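In my numbering, the protein residues as written are 44 to 129.
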């Protein structure tokens, strides 16, 4: 498997690991997203409940109170872009 294919597989598996805890298994609730961010992005993730709420609001593009995989991928792409240094 190529590096990029492996990265996509890991991204999908990570999303599903947290999305499967409560609610719909193809979306993240606010609580699931907060747990994912605390565990998977300990340096760049939210550090307070207010920050968790802000992260959730930023990611929930369609304002349906859950974060789907596309919204999550957009966040990861943004995070990768911000951490990229030439």
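We put the CB at the ideal spot given by N, CA and C, even for glycine.
In this text the structure is predicted, and so the values were computed from the model without any measurement.
Residue from the options whose Cα sits closest to the Cα of residue i
i: residue 62; options: 47, 74, 127; result: 74
i: residue 115; options: 93, 47, 56; result: 56
i: residue 77; options: 46, 102, 125; result: 102
i: residue 107; options: 52, 44, 45, 71; result: 71
i: residue 83; options: 45, 124, 66, 54; result: 54
Neighbourhood of residue i by C-beta distance below 7 angstroms, restricted to the same chain and skipping five residues each side
i: residue 127; result: none
Range of the contiguous alpha helix (DSSP H) that encloses residue i
i: residue 115; result: 112-126
i: residue 51; result: 46-62
i: residue 84; result: No alpha helix (DSSP H) holds residue 84; DSSP gives it neither H nor E.
i: residue 91; result: Here residue 91 belongs to no alpha helix (DSSP H), and DSSP marks it neither H nor E.
Presumed contact (8 angstroms Cβ cut-off) between residue i and residue j, rounded CB distance
i: residue 66; j: residue 109; result: 7 angstroms
Residues near residue i in its chain [Cβ-Cβ closer than 8 angstroms; skip 5 each side]
i: residue 44; result: 52
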